[in-house]
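Right, one structure below, let's go through it.
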Amino acid sequence: MSTMPTTMEVVHPGPIATFQDLGRHGVMGLGIPVSGALDERSHRLANRLVGNPETHPTVEATLGGLAVRFSGPVVVAVTGADVDVFVGDRQEAINCVLRVPRGTTLRLGAPRSGLRSYVAVSGLFSLPTLFDSSSTDLLSGLGPEPLQAGDRIDLRRPDPGAVNPAAISFAPVSVPTSHVICLVHPGPRRDWLTQSAWETLVSQEFCVSPRSNRIGVRLEGPTLERRRHEELRSEGLITGAIQVPGDGRPVVFMHDHPTTGGYPVIGLVRAEDLHLMGQLAPGDTVAFRPA
Amino acid sequence: MDPERPFRLLEYGPTCAMFELDAQVHVEDLSAHLRTAVDAGTLTDVEDMVPAARTLMVLTRTPATRTAVVGVAETWSPSDEVAATGAEHRIEVVYDGPDIDEVRRLTGMDRDEIISIHSDAEYRVAFMGFAPGFGYLTGLPEVLHLPRRKDPRTRVPPRSVAIAGEYSAVYPRVSPGGWNLIGRSLQPMWRDDSEQPNVLAPGDLVRFLPVESSDRRDAQ
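Which chain is which? The protein sequence lines are A and B, in order.
According to our numbering, the first sequence is numbered sequentially starting from 1.
According to our numbering, the second sequence is numbered sequentially starting from 1001.
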C-alpha cells in the first residue's frame, strides 16, 4: 500500500469556494464568530454519503463552477444547490455517491436553483484547526484562505475502522427553491421598531440583494421604520438575527456575522430554517411568518 | 426594569437568554454569578456567554437550559464590586501612537501626564467583540474619555494601544478602527499559530507599563 497521501488539486475554484465544517462554538465571548457551513443540512448529508463524520470539512462552492482533481481514486458527494455534476466527461448528479478515478476532474456547473454546493470527499482534508474547526471565516479572516487554482490539499485516508459508508447511493432530498418561507421569533429590540414594522416583516415578501454574503443576507423590499432613534449600545448577535440598519432594509445575519452589533434586532430566523436562508441567491424571495 | 428582578429579559428565541442591565459593572457581576454556576456544574449545556456594554447574552443548547439560566440569574443580587476572576496581564507599552498629539490637544495635558494617567490605572476586560481577541478594557480615568476619531483608519497596526469613550484596548490583529492610538504594546494580543490565540479573556485584569522605544525588544 502506498504511503503517499491522496491530494486534491484545485483546477478552478469558481466564484468563491471555502472549506467549511460545523464552525467554532462557545468562543463568541472572545469576539470569534461561529462560521461553518451556511446550509448545514447539505454539508452533513454530503459527509454521510461518503462515510465521513458530519464534523469533517467539506468544500462550500458558491455559484458552482468548482473543478478539482485527485491524485488517487476517491469517493465524493455533491449536495446543496441544483447543479450539473461532471466526473470527467460523464454527467452525474447531486446527492449521489460518486467514484472519481485518479486524475479525473470533478466539475460543477452553475446552479439552476440554490447558491451553495457542498463537496465531501472520503477522508479528512489536512487543514489547520482553530477552536476545533477548519472553517474559513470571511469576516475575521480566520481559517484557511479561500480555494485558489493550483492549491493542493492532502487528504488523510479514512481510518478503516471509522468508515461508515452510506447504505444508499442516492439521497432523495428536494433541491433548493427560489422562494422560501422561514419562521421567525421576536428579537430583543422589536420594540425599537414601529408596531407596523413587525407586521410588515411577517406578512410581506422580501427579495435577496446581490450584496449578500456569508456575513448576512441583505433584503430589499419594504423598509422597516424605527420607533426609537437613540443610539443602541453594541450587544450580542446570533446567527439568524434580523437586524434593521439605518436604511430600514433588514439583514439576516449568517454564520460569519460579527459577534456584536449596534442596530436593533427585530427578529430571529429559527435555527431549523437557516439552511434555507443559506441557499438564497440574489433575486430569490423570502417570506417570514411568526414561529 | 422589572421591579421583581434586577434585569430585563429580552426575547431572542428559545435557547438564548438575553439580559439587559443598568450598568457595565452589573453585566460583569451577573456574568461572574452565572460562570460560578457553570463551573460548579449547577448549569450544564451553556454554550457561550457574550457580555457587552449593557447586555449579557447567554447561548444554551436547550430551551430547558435557558429556563435554568434565568432561574440562576434570579438568585443574583447586583453588586458594584466585581470580584477579580481572570488572569492578570502586565503589558509593556511604548507611548508613541500617532494620535498622542491629538489627545494632548483635546485634554490639555502633556505627554508625560497622559502616560502616567493611562498607565497608573488598573483595567478589567469587561467584554470582547468587534474583532477576534479585541477586549474592551474598563477602568480608563475619566480625563481620558474622548470621542472616536472622525475619520476612522482603514488599517490599524496590530498591538496598537488605543482609547475611545470609556474604554481602552489593544488591537490584536490588523483591522480598520476609529479609536485614538496612543501607543503600541510590546506583547502580541493574538498568536496566530496557537490553539488558544487570544491573550485576553473577559474578567482578566490588565496593567500597562510604560517603556521607552529604545528598548531592544522593540526591534522585533
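A virtual CB, placed ideally from N, CA and C, is assigned to each residue, including glycine.
_Pop quiz: residue 71/A and residue 256/A are said to be a contact at Cβ under 8 angstroms. What is the actual Cβ separation, rounded to whole angstroms?_
By 1-based counting over the first sequence, the position of residue 71/A is 71. By 1-based counting over the first sequence, the position of residue 256/A is 256. Not confirmed; about 31 angstroms, so no contact.
*Classify residue 211/A as buried or exposed, calling it buried when 16 or more other Cβ atoms lie within 10 Å of its own Cβ.*
Taking the first residue of the first sequence as position 1, residue 211/A is located at position 211. Residue 211/A is exposed by the Cβ-count criterion.
*Buried or exposed for residue 1127/B, please, with buried defined as at least 16 other CB atoms from any protein chain shown within 10 angstroms of its CB.*
Position 127 of the second sequence, counted from the start, is the residue given in the question as residue 1127/B. Buried, since its Cβ has 16 or more Cβ neighbours within 10 Å.
_Inter-residue Cα distance where the pair is residue 184/A and residue 1116/B_ = Sequence index remark: in the first sequence, residue 184/A carries index 184 (1-based). Sequence index remark: in the second sequence, residue 1116/B carries index 116 (1-based). Cα to Cα, the separation comes out at about 52 angstroms.
*asked:* Closer than 8 angstroms between beta carbons: that is the criterion. Which residues of the segment 98-118 of chain A meet it against chain B?
replied: none
*asked:* Which residues does DSSP list as the beta-bridge partners of residue 252/A?
replied: Within the first sequence, numbered from 1, the residue matching residue 252/A stands at position 252. 217/A and 242/A, per the DSSP bridge assignment.
*Under 8 angstroms by Cβ, that's how I've got residue 124/A and residue 156/A pegged, so tell me the actual separation to the nearest angstrom.*
As a position in the first sequence, residue 124/A is number 124, starting the count at 1. As a position in the first sequence, residue 156/A is number 156, starting the count at 1. Indeed, because the Cβ distance is near 4 angstroms, the residues count as touching under 8 angstroms.
*Neighbourhood of residue 150/A by C-beta distance below 7 angstroms, restricted to the same chain and skipping five residues each side*: Along the first sequence, one-based indexing puts residue 150/A at 150. Within the same chain, residue 150/A has close Cβ partners 10.
*In chain A, which residues lie less than 7 angstroms from residue 1189/B when you measure between Cβ atoms?*
Position 189 of the second sequence, counting from 1, holds the residue named residue 1189/B. Neighbours of residue 1189/B on chain A: none; closest Cβ ~11 angstroms, over 7 angstroms.
_Spatially closest choice to residue 82/A from 97/A, 100/A and 118/A, by CA coordinates_ = Taking the first residue of the first sequence as 1, we reach residue 82/A at position 82. It is 118/A whose Cα lies nearest to the Cα of residue 82/A.
*Any idea if residue 1220/B is buried or exposed, counting beta-carbon neighbours within 10 angstroms, 16 or more meaning buried?*
Working through the second sequence from its first residue, we reach residue 1220/B at position 220. With a pLDDT of only 45 at residue 1220/B, under 50, the local geometry of the prediction cannot be trusted, and the value read off the model is given with reservation. Exposed: under 16 other Cβ atoms inside 10 Å.
*Roughly how many whole angstroms lie between the Cα atoms of residue 1051/B and residue 172/A?*
Walking along the second sequence from the start, residue 1051/B turns up at place 51. Walking along the first sequence from the start, residue 172/A turns up at place 172. Straight-line Cα distance between these residues: approximately 43 angstroms.
*Would you kindly work out how many angstroms separate the C-alpha atoms of residue 176/A and residue 1068/B, rounded to a whole number?*
Your numbering for residue 176/A matches position 176 in the first sequence. Your numbering for residue 1068/B matches position 68 in the second sequence. Rounded to whole angstroms, residue 176/A to residue 1068/B spans 37 angstroms at the Cα level.
*Report the neighbours of residue 28/A on chain B: residues whose CB is nearer than 7 angstroms to its CB, in chain order.*
Along the first sequence, read from residue 1 onward, the residue named residue 28/A stands at position 28. What residue 28/A touches in chain B: 1048 and 1050.
*asked:* Let's see if you can read the secondary structure: which residues bound the beta strand (DSSP E) around residue 60/A?
replied: The sequence position of residue 60/A within the first sequence is 60, counting from 1. Start and end: 58-62.
*Closer than 8 angstroms by C-beta to residue 275/A: which residues in its own chain qualify, once you throw out the five before and the five after it? Chain order, please.*
For the purposes of this step, residue 275/A is identified with residue 275 of the first sequence, where counting begins at 1. The answer, listed in chain order, is 38, 39, 40, 41 and 42.
*Among residues of its own chain, excluding the 5 on either side of residue 1056/B, which ones have a beta-carbon nearer than 6 angstroms to its beta-carbon?*
The sequence position of residue 1056/B within the second sequence is 56, counting from 1. Excluding residues within five positions, the ones whose Cβ falls inside 6 angstroms are 1019, 1027, 1030 and 1031.
*chain B contacts from the segment 213-234 of chain A (Cβ-Cβ distance under 9 angstroms)*: 233 and 234
_Between residue 186/A and chain B, is the shortest Cβ-Cβ distance under 8 angstroms, so that the two count as touching?_
Taking the first residue of the first sequence as position 1, residue 186/A is located at position 186. Yes, residue 186/A counts as interfacial toward chain B.
*Return the CA-CA distance between residue 129/A and residue 227/A, expressed in angstroms with no decimal places.*
Taking the first residue of the first sequence as 1, we reach residue 129/A at position 129. Taking the first residue of the first sequence as 1, we reach residue 227/A at position 227. The straight-line gap from Cα to Cα measures roughly 44 angstroms.
*asked:* With a threshold of 8 angstroms, are at least 3 pairs of Cβ atoms found where one atom belongs to the segment 260-269 of chain A and the other to the segment 197-205 of chain A?
replied: yes
*Taking only the alpha-carbon atoms, compute the straight-line gap between residue 113/A and residue 279/A and give it to the nearest angstrom.*
In the first sequence, residue 113/A corresponds to position 113, counting from 1. In the first sequence, residue 279/A corresponds to position 279, counting from 1. So the two alpha carbons sit approximately 8 angstroms from each other.
*Thinking C-alpha only, which one of 1083/B, 1125/B, 1109/B and 1198/B is nearest residue 1139/B?*
Within the second sequence, residue 1139/B is the residue found at index 139, counting from 1. It is 1125/B whose Cα lies nearest to the Cα of residue 1139/B.
*asked:* Can you give me the C-alpha to C-alpha distance between residue 187/A and residue 1045/B, rounded to a whole angstrom?
replied: Looking up residue 187/A in the first sequence gives position 187. Looking up residue 1045/B in the second sequence gives position 45. Those two C-alpha atoms are separated by around 22 angstroms.
*Does the pairing of the segment 1107-1121 of chain B with the segment 1194-1205 of chain B give three or more beta-carbon distances under 8 angstroms?*
no
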